[in-house]
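Residue numbers (the working numbering), protein chains in the order written: chain Y, 1 to 329; chain F, 330 to 636; chain S, 637 to 973. Backbone N, C-alpha and C define an ideal beta-carbon position, used for all residues, glycine too. Computed from a predicted model, the values in this text were never measured in an experiment. Down below is the structure, laid out as structure tokens.
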Amino acid sequence: MSAPTSFALEVQDLSVAVHIEHGLARVVDGVSLALEPGQTLGLVGESGCGKSMTCLAVMGLLPRQAQASGSVRLGNDNLLALPERRLEEIRGRAIAMVFQNPHSALNPVRTIGVQIAETICRHEGLAWSAAMAEARRLLDRVQIAAPARRLTEYPHQLSGGMCQRVMIALAIACRPRILIADEPTTALDVTVQAQILALLRELQAELGMSLVIVTHDLGVVAHMADTVSVMYAGRIAEHAPVADLFARPLHPYTQALLAALPHRAVDGQRLTSIPGTVPEPFERPVGCAFHPRCAEADASCADRRPLIQSWLGAHSVACHKVTPTAEAA
Amino acid sequence: MARLVLVKLVRAVATLLLVVTLVFVLLRTAGDPLLTLLPPDTDPGVVEVYRERWGLDRPLAVQYLLYLESVVRGDLGRSFRDGRDALEVVLERVPKTLELGGAALVLAILLGIPAGIVAALRRGTFIDRGLMILSVLGYSLPTFFMGVLLILLFSLTLRWLPSSGTGTFLHLIMPTLTLGTWIAASLSRFTRAAVLDVLEQPYMRTSRAKGLTRLGQIMRHALPNAAIPVVTLLGFMTGHLIAGAVVIETVFAWPGVGRLTVISVAARELAIVQAIVLLVAVSMVTANLAVDLLYGWLDPRTRNSPA
Amino acid sequence: MSSPSTHRPLVEASSVSCRFPIGPARPFGPKRFVHAVDNVDLEIRAGETLGLVGESGSGKSTLGRLLVGALPVSAGAIRFIGEDVTHPTPARWYALRRDMQLVQQNPAAALDPRMTVADQLVEVLDIHAIGARRARHDAAAAMLWRVGLGSDIMRRYPHELSGGQQQRVAIARALLVQPRFIVCDEPVSALDLSVQAQVLNLLQDLQSELGLTYLFVSHDLGVIRYLSHRIAVLYLGRVVEIGARHEVLARPLHPYTRALLASVPIPDPARPAPAPQILGEAPDPASPPSGCRFHTRCPLATDICRRFAPPLTSPTAGTHLVACHHAVAERSIRGAA
């Protein structure tokens, strides 16, 4: 990691353990992230890699069966150590989150206006009418047509794209410093996705927010993120500025992921696939989690877990096989 | 929206018609009704006289039409014992039944719904387990048993409350307790399930992410959604009230419709039983209709024209 | 890739429509329908993969189901090797299952959770009385091997398999009848990227090995780009563009295709970010716009677009067809690469 300046958000050695019938599964296993003010961090990985759980842990929204350890620093506070009451004040105001399925993330029996206004009232103490007026302004800002009418409508009357805009309006209502977007466009059409992502970029610039965007889509990450962290089986495999990650991926998993993209395929040739499957959290191999599927693995990979090491300044990777001499070659 | 209401009204009337017809069919065609109506040792000649007098020798279709006509007029027959109009006999018992039923329902709501909510919020803890055990006890214990226990305790041993009959507020306490706790037991389980279901929903996580206080999340988001199935259930329960709590009314000699049902069936008072059945049907259908319409108010997703 | 034959098409759709009834707008008003597929003409040649692209509400899944006989058409005709199969008799419909199959998006839902893999595969052979009864178990195992799964999978239940394995079982099941035509409806959308590659490779290998014809339905342009010989673009139930893969991707003629291609984020930060091309959301399929259905969101829309639906024609009298009044005029302008 780069020399610590004042990060907007700093996650250190975060682990999340979940009680399941097989025992204790560490769905997030020693993850460290750093978010610079005004920057966008892309958190990339396939399903089950723990990226969503990481975000929920940061927000303090983990389900009851899950426990988090480590530290999540927001300003001077460690969010994991705060009492629920303090977290309730921070959520929605200093740090906000947008979820994957916008329709189901909104209360079906309350109007859009009420759902936005109540956040404003909660954190900013405005009178109800002032809060509703602000809600209207927010709907307009997220480019929803006829905002006044939408205030009195219900989520089921809106399309998926519009619901996601409402969620974004909700999230930015109190001008948070950090916005976490967990697969915000996965459930949307690609043309709507382009609109939503552009909106997020605009809002980020306007409000000076730091953005964490969680996705499995490398295309989205390529154009939204300033830095990217790649997760595999609950651990960070690699972290780099976005151009670096795509140009010179160092971790074998990242390399394999990029090679498996249909976009990268050459005509007539097969796609490069990664043999095997992602291990379940309770079946994680000893040593490097990726080594059973890695073409370059050797004995040391099965022995010791590789720690994330800084590499060429901002680029860090957790792999035994990446050494200075190999890189220079 | 108007179309919705119209359709439901038509359905309600159609259901009532069906019930009325069913009552007719059951009473007229299951064996010779006269044998049911008259004492077993009646002279056959007298039986025939009554057959003609009551129009039971007419063709079935004619009987049906006459029957329909009399139902609409409100003439459901007469009691054998005192010759009074059956409907009148039943209706005069209704207020007492509603008094007991209403009080019990209010008690059940005050006890059961908060219990269900608390149990759901404190899921898995002792409070939850304790409340659910109480609930299981509550509806497993036969009501007559509970009623008799209460009488033993409060009437015979402590002599605080009268054991039967009606008249003062004191008379109302034990029957209400018995019936109310029984309803509360199932209501609390149902409420708990409804709240648990809502707490799993993604929008609850959003409300938490917004920074609402726990109370805010529950009051503004969880309960309005959980209310939908609970209010529906309450609506049906209300419709059922008028049938009276047969067992409890008997145990406490409460002069309501339930007790009347027992007496009338034993005495083969056909007209009165018929009147009770029809009354209960009307009540249930009306309650159904009300719940249906209420649903639209509670759940905005059902408001616009159904696809 | 093997080059497709240029004979008479394997599957043909002529003026095919499929509509679903929905409630009337006013009480007791006239009946309304959603035209999920509206007057589509399409042909698929033997040995080729036709990629069907579109967003939600485009009707691509419905069209796939229509072609394979899983949904009845409301109007139009479907032909398979020249034979009309629009309204087959039940016996004929069953016989056709040996020629055409469907692989769906969610493999877990497509497999019976209460039957082992072996049972499900053998069941297919039993239904169609393929091969000797004693040999069916072995035939199923052989097919599993061909899709890259070991015989230990035979005894397992679907929930014990990963998503990629489940999808392979679904593919194996479809292949057991030795069909000529397979409709793949978003078969890899629910799979992780690394597993996607495995399944896509498999589909391609099977095509060259067995001479299969695919209709590949997807919203993922990257996958379509990789697998298809030709591409058809659907919007609100109508084909707006169809042509050879390179043609459609490099020189899209329809404004919607251009907007679609420009919206896809390329996983390469050096390339420009996708700028939102079209405004707003897709219109309600129950009350689609008049004339050209895209005119409400099209930057090139003029009066003629509001009034008349454009026919699907080729501006160059070639095989690249487009349904746009302005395509002819713009033929010489290069679209987004």
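Look at the Cβ atom of Y/L106, then the Cβ atom of Y/C163, and state whether they are nearer than 8 Å. Pairing Y/L106 with Y/C163 gives a Cβ-Cβ distance under 8 Å.
Excluding five sequence neighbours on each side, which residues of the same chain lie with their C-beta closer than 6 Å to the C-beta of F/E578? G585, G587 and R588
At what residues does the beta strand (DSSP E) containing Y/I172 begin and finish? It is not in any beta strand (DSSP E) - Y/I172 instead sits in the alpha helix (DSSP H) that spans G160 to I172.
How close, in whole Å, do the beta carbons of S/V900 and S/V859 come, if the pair is a contact with beta carbons under 8 Å? At roughly 11 Å, the Cβ-Cβ gap does not stay under 8 Å, so S/V900 and S/V859 are not in contact.
Can you tell me the Cα-Cα spacing of S/L863 and Y/S32, whole angstroms? 39 Å
Specify the secondary structure class of Y/C400 as computed by DSSP and reduced to three states. Missing from the structure shown is residue 400 of chain Y; chain Y here goes from 1 to 329 and no further.
Contact the region 876–890 of chain S vs the region 697–712 of chain S: 3+ CB pairs below 8 Å: no
Buried or exposed: where does Y/D244 fall if 16 or more other Cβ atoms within 10 Å of its Cβ makes it buried? buried
Should Y/E46 be flagged as near chain S, meaning a C-beta pair shorter than 8 Å? yes
With a 10 Å radius around its C-beta and 16 neighbouring C-beta atoms as the bar for buried, classify F/K539 as buried or exposed. buried
For a quick check, are the C-beta atoms of F/L345 and F/V614 less than 8 Å apart? yes
In the DSSP assignment, find the beta strand (DSSP E) that holds Y/T215 and state where it starts and stops. Per DSSP, Y/T215 belongs to the beta strand (DSSP E) from S210 to T215.
Got a sec: which bits of the region 2–29 of chain Y sit with their beta carbon under 7 Å from any beta carbon on chain F, in order along the chain? none
Spatial distance of Y/A329 from Y/H251 (CA atoms): Its pLDDT being 39, under 50, Y/A329 is placed unreliably in this model, and the value from its coordinates should be taken loosely. Taking the straight line joining both Cα atoms gives about 16 Å.
What is the DSSP secondary structure of Y/T186, reduced to helix, strand or coil? coil
What residue does the beta strand (DSSP E) around Y/S69 start on, and which one ends it? A66 to L74
If you draw a straight line from the C-alpha of F/L622 to the C-alpha of F/V334, how long is it? 7 Å
Using the Cα positions of Y/G286 and Y/C301, report the straight-line distance between them to the nearest angstrom. Just to set this straight, residue 286 of chain Y is Val in the shown sequence, not Gly. Each residue's Cα considered, the two are about 9 Å apart.
Does the distance from the CB of Y/L199 to the CB of Y/V220 come in under 8 Å? Judged by beta-carbon spacing, Y/V220 lies beyond the 8 Å limit of Y/L199, meaning their Cβ atoms are not closer than that value.
Check this for me: beta carbons of S/D674 and S/S653, under 8 Å apart or not? yes
Can you tell me which of the three DSSP states S/L827 falls into? Of the three classes helix, strand and coil, the one that applies to S/L827 here is coil, per DSSP.
Own chain residues within Cβ distance below 7 Å of S/A744, not counting five before or after: Here S/A744 has P794 and Q802 as same chain residues with Cβ atoms under 7 Å from its own Cβ, once five neighbours each way along the sequence are excluded.
Shortest alpha-carbon distance to Y/H123 belongs to which of Y/R85, Y/T152 and Y/E153? Y/R85
Examine chain Y for any beta-carbon lying closer than 8 Å to the beta-carbon of F/N554, and answer yes or no. yes
Segments assigned alpha helix (DSSP H), at least 4 residues, entirely inside the region 397–427 of chain F: 415–420
Residues bridged to Y/S15 (per DSSP): Under DSSP, Y/S15 takes part in a beta bridge, and its partners are Y/D29 and Y/S69.
Quick one, are the C-beta atoms of S/L686 and S/A649 less than 8 Å apart? no
Residues of the region 265–283 of chain Y whose Cβ lies closer than 9 Å to any Cβ of chain S, in chain order: A265, D267, G268, R270, L271, T272, S273, I274, P275, G276, T277 and V278
If we define contact as Cβ-Cβ less than 8 Å, is S/E877 a contact residue for chain Y? no
Is the shortest distance between the beta-carbon of Y/L218 and the beta-carbons of chain S less than 8 Å? True, the Cβ-Cβ gap to chain S drops below 8 Å.
Proximity winner among S/P924, S/P946 and S/L936, relative to S/H671 (alpha-carbon distances): S/P924
Here's the rule: buried if 16 or more other CB atoms are within 10 angstroms of the residue's CB, otherwise exposed. What is Y/E327? Residue confidence for Y/E327 is low, a pLDDT of 47 falling below 50, so the modelled location carries little weight; the figure read from the coordinates is stated next. The residue in question, Y/E327, is exposed, as its Cβ has fewer than 16 Cβ neighbours within 10 Å.
Tell me the DSSP bridge mates of S/F656? DSSP lists S/V670 as partners of S/F656.
In chain F, which residues lie less than 8 Å from Y/Y154 when you measure between Cβ atoms? P629 and R630
Continuous alpha helix (DSSP H) stretch holding F/P531: start and end: P531 to A538
Identify, in the order they occur along the chain, each residue of the same chain with its Cβ nearer than 6 Å to the Cβ of Y/E134, setting aside the five sequence neighbours on each side. I120
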